[in-house]
Structure formats: structure tokens, C-alpha cells
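**Student:**
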Amino acid sequence: AVIGAPIAASSAASMSALASNASAACVDLLQPRMPAPTAALTPPRILSVIVPVFTERATVRASLDAVMGKSIPGWQLEIILVESNSTDGTREIVLGYRDHPRIKLILQDQPRGKGHAVRAGFPHATGEVILIQDADLEYDVADYDVLLAPIVAGRQDFVLGSRHGEGGLAIRKFTDQPL
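Its first residue numbered 2, the sequence shown is counted upward by one per residue in the working numbering.
#1: Given 8 Å as the limit, is there contact between the region 47-56 and the region 120-129, that is, 3 or more CB pairs closer than that?
#2: Hey, Val-91 and Glu-139: beta-carbon distance below 8 Å or not?
#3: Provide the residue(s) that pair with Glu-93 in DSSP beta bridges, ordered along the chain.
#4: Indicate whether Ile-107 and Gly-97 have their beta-carbon atoms separated by less than 8 Å.
#5: Please classify Glu-93 as buried or exposed, where buried requires at least 16 other C-beta atoms within 10 Å of its C-beta.
#6: For the beta strand (DSSP E) containing Ile-104, list its first residue and its last residue.
#7: Determine the extent of the alpha helix (DSSP H) in which Leu-148 is found, giving its start and end residues.
#8: Can you give me the C-alpha to C-alpha distance between Ser-87 and Gln-111, rounded to a whole angstrom?
#9: Return helix, strand or coil for Pro-112, following the three-state DSSP convention.
#10: Residue range of the alpha helix (DSSP H) that Gly-162 falls in?
#11: Who are the Cβ neighbours of Tyr-145 in its own chain at under 7 Å, not counting the five residues just before and after it?
Below is the structure:
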């Protein structure tokens, strides 16, 4: 019996059956019981989001706020910002995020390209899944769930999203190549 759960019955016969079982339920509730087992709290999975940043003053704040505001049930986002020494004011904006508990900030001394910035973020990622998010709003955080789905389901180990698919998103699959 579940204590406090609403009881619904659709007929008089059902109500009569519930009433006749009420005394048995009351006796059962008076018997000493072991505490109900509680499900172990499983920690959330970690999704590492690497954000390479270079000369994105116009969009970086909106992009970072969108990533920081993203919530995926069962997942905790770890955000790794790799700023490549922008001279347009981007670095100053990014520095405003340095004390946020979910942000890891890497400041590069010179720009070496997006690929280098992404690779610089990899050693700081602790998540079981890594996602790369551009700071120019090119990718939509609303797509994270769709990109994670085939990985979480165990159907894919690697997913590459593309903004050029029908409906705005396509997932490229590499099923014939080993990882």
C-alpha cells in the first residue's frame, strides 16, 4: 500500500472492494516495517562543453549565457572556455565569467586557430561526453538533447551535428569507420 496516494475508483463495486480491504490495510500499516529502500542518488552525468573564443565581442555574452542556462535532465554541464587573446574586447567579457563554478577558463597567449583552442580544452574536460560550442551562436543549445540521444542510447560513440540538415539539424553518422 502506498500511503498518501490518491485512490480512484470508477464504480460502486470498486468502492465497495476498497472499503472491504480498508481494515486489512489498516492492520498492515500497524505492523512493524523495515524502512522502505530508497533509490541511491546517482550523481548527474557530466557533459563537457568546450567553447573556443576569438574576436566574438558581439555574440560571446549571449552565447555563454545560453550555454550556462541550458539544462538537460540527468546531466551537469561543465563549460570550458578557451579564449585566444582577442583584441576586440572579447577577452574582457570572458573574464567576467571566470568565477562561475561551472566555468573553466583557459587564456591563450596568442591565437592559434579554432582547432588548437579545442585541443587545449580537451585535457580540462572531465565529462563522459564532450561537445564543442562556437561562441558566435552558430550552434543552438536546444540541439544538445538531440545530439546526446544516440550516444546515451549506445547507438553511437561519436556524433557530428550539422546546421545544414532538413529542419535545421542533421546528424552525420560514421558507422563504417572504427573509432
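Where is the CB? At the ideal position from N, CA and C, for every residue including glycine.
**Tutor:** Walking through what the data contain:
#1: yes
#2: In the sequence as presented, Val is not what sits at residue 91; that position holds Thr. Cβ distance not < 8 Å, so Thr-91 and Glu-139 don't count as in contact.
#3: Partner(s): none; Glu-93 has no beta bridge.
#4: no
#5: exposed
#6: 104-108
#7: 145-153
#8: 8 Å
#9: coil
#10: Note, Gly-162: premise wrong, no alpha helix (DSSP H); beta strand (DSSP E) at 161-163.
#11: Lys-71, Ile-73, Leu-132
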